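Have a look at the structure below before the remarks.
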Amino acid sequence: MSAPGSVDVTRKVRFCAAHRYHRQDWTPEKNREVFGACNNPHGHGHNYELEVTIRGSVDPLTGMVINLRRIDEILREKIVSRFDHRHINEEVEGFRDNIPTTENLAVYIWNLIEPEFSKEEVELSRVRLREDSFLYAEYRGESS
Amino acid sequence: MSTVYLGRLYRFNAGHRLSRPDRDPDWNLEVFGKCSYEGGHGHNYDLEVVIRGAPDPLTGRIISLELLDTIVNEKVIEPIDHRNLNEVLETGSTPPPTTEVLIRDIWNRLANSIPSPAELELLRILETEKNLFEYSGPA
Numbered sequence: 000m001s002a003p004g005s006v007d008v009t010r011k012v013r014f015c016a017a018h019r020y021h022r023q024d025w026t027p028e029k030n031r032e033v034f035g036a037c038n039n040p041h042g043h044g045h046n047y048e049l050e051v052t053i054r055g056s057v058d059p060l061t062g063m064v065i066n067l068r069r070i071d072e073i074l075r076e077k078i079v080s081r082f083d084h085r086h087i088n089e090e091v092e093g094f095r096d097n098i099p100t101t102e103n104l105a106v107y108i109w110n111l112i113e114p115e116f117s118k119e120e121v122e123l124s125r126v127r128l129r130e131d132s133f134l135y136a137e138y139r140g141e142s143s
Numbered sequence: 000m001s002t003v004y005l006g007r008l009y010r011f012n013a014g015h016r017l018s019r020p021d022r023d024p025d026w027n028l029e030v031f032g033k034c035s036y037e038g039g040h041g042h043n044y045d046l047e048v049v050i051r052g053a054p055d056p057l058t059g060r061i062i063s064l065e066l067l068d069t070i071v072n073e074k075v076i077e078p079i080d081h082r083n084l085n086e087v088l089e090t091g092s093t094p095p096p097t098t099e100v101l102i103r104d105i106w107n108r109l110a111n112s113i114p115s116p117a118e119l120e121l122l123r124i125l126e127t128e129k130n131l132f133e134y135s136g137p138a
């Protein structure tokens with residue numbers, strides 16, 4: 000629930016990355032059946048759009064919930080620098096055995112940035128990751 | 000009767016400058032960055048007004064869209080569109096007219112004007128394609 004009078008601020012950033020859906024412990028036929036084109040051997044990529052929603056009260060000094068510049072810094076340091084123009088399965092820690100679906104990525108991103116916003120004394124309310132204009136996954140943390 | 004939510008989109012343009020006159024220029028530049036530049040700047044704001052209510056058994060509507068447009072135009076668009084937010088917001092000059100401040104100001108302009116039993120549920124303002132602000136009231 001939102002605290003009385005709190006405002007939600009959503010900031011959008013983009014990154015481009017490649018991924019492939021594949022389980023080593025499945026046969027090629029099973030991988031193909033479950034993951035379809037996402038299992039093609041050399042991977043493929045998306046222009047991801049990440050929307051991060053911060054909830055908090057408005058600081059009477061600045062009129063802000065959080066400085067957008069600080070959101071940008073956190074997202075650049077923790078997310079964009081890690082994913083942009085990378086092959087997620089090959090180059091991002093944690094995705095050797097964890098399939099980089101949009102769902103898994105949303106949870107992974109939440110876990111990376113939630114402590115940073117907690118340090119800023121604001122609440123991370125929602126992470127929405129758009130793979131393309133037809134699909135997004137949204138995560139609101141374990142308690143939701 | 001089941002509750003239904005209705006969202007209506009509006010657009011307006013306005014100028015603003017984020018700066019506190021009670022702080023020195025270095026502080027303002029540090030906190031507000033480009034938004035503190037002296038001449039100000041502007042945005043095309045997209046405003047989404049979400050109304051909550053039960054559909055009227057006679058009309059099937061929770062509110063007349065024509066009436067909602069009239070209210071939003073009179074209370075929000077006409078006083079704010081193509082104006083300088085530093086001048087027109089009822090919150091005065093401090094804090095400066097961020098979109099957090101703007102969205103609460105618009106809430107105060109609209110909340111008591113929606114004809115019962117419909118109620119104002121949520122406001123959303125897209126300041127740029129990258130910045131979205133949402134507010135659902137003080138309580």
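Residue numbers (numbering that gives the first Met the number 0), protein chains in the order written: chain A, 0 to 143; chain B, 0 to 138. Think of the CB as a built atom: it goes at the ideal place given N, C-alpha and C, for glycine as much as any other residue. Quantities reported herein were computed from a predicted structural model and do not represent experimental measurements.
Query                                                                                                                                       : Result
Amino acids of chain B, ordered along the chain, whose beta-carbon sits closer than 8 angstroms to that of LYS11 (chain A)                  : GLU128, LYS129, ASN130, LEU131
Endpoints, beta strand (DSSP E) assigned at LYS11 (chain A)                                                                                 : 6-18
Meets three-Cβ-pair contact criterion under 8 angstroms: the segment 121-137 of chain A and the segment 88-104 of chain A                   : yes
Neighbour-count burial assignment, MET0 (chain A), 16 or more Cβ in a 10 Å radius                                                           : Model confidence at MET0 (chain A) stands at a pLDDT of 40, short of 50, so the residue's coordinates are unreliable and nothing is read from them.
Within-8 angstroms CB hit, THR100 (chain A) to chain B                                                                                      : no
Proximity below 8 angstroms, CB of VAL3 (chain B) to CB of GLY38 (chain B)                                                                  : no
Backbone secondary structure at TYR4 (chain B) - three-state DSSP                                                                           : strand
DSSP three-state assignment for PHE132 (chain B), whether helix, strand or coil                                                             : strand
Interface partners of VAL6 (chain A) on chain B, CB under 8 angstroms                                                                       : GLU99, ILE102, ARG103, PHE132, GLU133, TYR134
Selected residue, minimal CA-CA separation from PRO40 (chain A), among A:ASN46, A:THR52, A:ARG22                                            : A:ARG22
Minimum Cβ-Cβ distance from MET0 (chain A) to chain B less than 8 angstroms                                                                 : Annotation note: pLDDT 40 at MET0 (chain A) (below 50); position unreliable, coordinate value reported separately. By this cut-off, MET0 (chain A) is not an interface position.
Rounded distance between the beta-carbons of ALA17 (chain A) and ILE78 (chain A), thought under 8 angstroms                                 : No, ILE78 (chain A) and ALA17 (chain A) are not in contact; Cβ-Cβ is about 16 angstroms, not under 8 angstroms.
Cβ pair LEU131 (chain B), THR61 (chain A) closer than 8 angstroms                                                                           : no
8 angstroms Cβ cutoff, ASN88 (chain A) in contact with chain B                                                                              : no
Closer than 8 angstroms to chain A by CB, VAL30 (chain B)                                                                                   : yes
Beta-carbon spacing of ILE50 (chain B), LEU67 (chain B) below 8 angstroms                                                                   : yes
Beta-carbon proximity list for ILE98 (chain A), same chain, < 6 angstroms, skipping 5 on both sides                                         : TYR20
Cut-off 7 angstroms between Cβ atoms - residues of its own chain near THR97 (chain B), not counting five sequence neighbours on either side : LEU17
Sequence-distant residues of the same chain with beta carbon closer than 6 angstroms to ASP96 (chain A), five excluded per side             : none
Three-pair Cβ contact test at 8 angstroms for the segment 31-46 of chain A versus the segment 104-119 of chain A                            : no
Three-state class that DSSP yields for LEU64 (chain B) in the structure shown                                                               : helix
CA nearest to the CA of SER80 (chain A), picked from A:ARG68, A:SER5, A:ARG13                                                               : A:ARG13
Separation of ARG69 (chain A) from GLU76 (chain A), as counted between CA atoms                                                             : 11 angstroms
Buried or exposed by the 16-neighbour rule on C-beta atoms within 10 Å, applied to GLY6 (chain B)                                           : exposed
Selection of the segment 62-76 of chain A by Cβ proximity to chain B, strictly under 9 angstroms                                            : GLY62, MET63, VAL64, ASN66, LEU67, ARG68
Contacts of PRO94 (chain B) in chain A (Cβ-Cβ under 9 angstroms)                                                                            : VAL57, ASP58, PRO59, LEU60, THR61, GLY62, MET63
N- and C-terminal bounds of the alpha helix (DSSP H) containing ARG129 (chain A)                                                            : Run containing ARG129 (chain A): none in the alpha helix (DSSP H); it sits in the beta strand (DSSP E), 122-131.
Residue interval of the beta strand (DSSP E) (run including GLU32 (chain A))                                                                : Segment 27-34 is the alpha helix (DSSP H) holding GLU32 (chain A); no beta strand (DSSP E) there.
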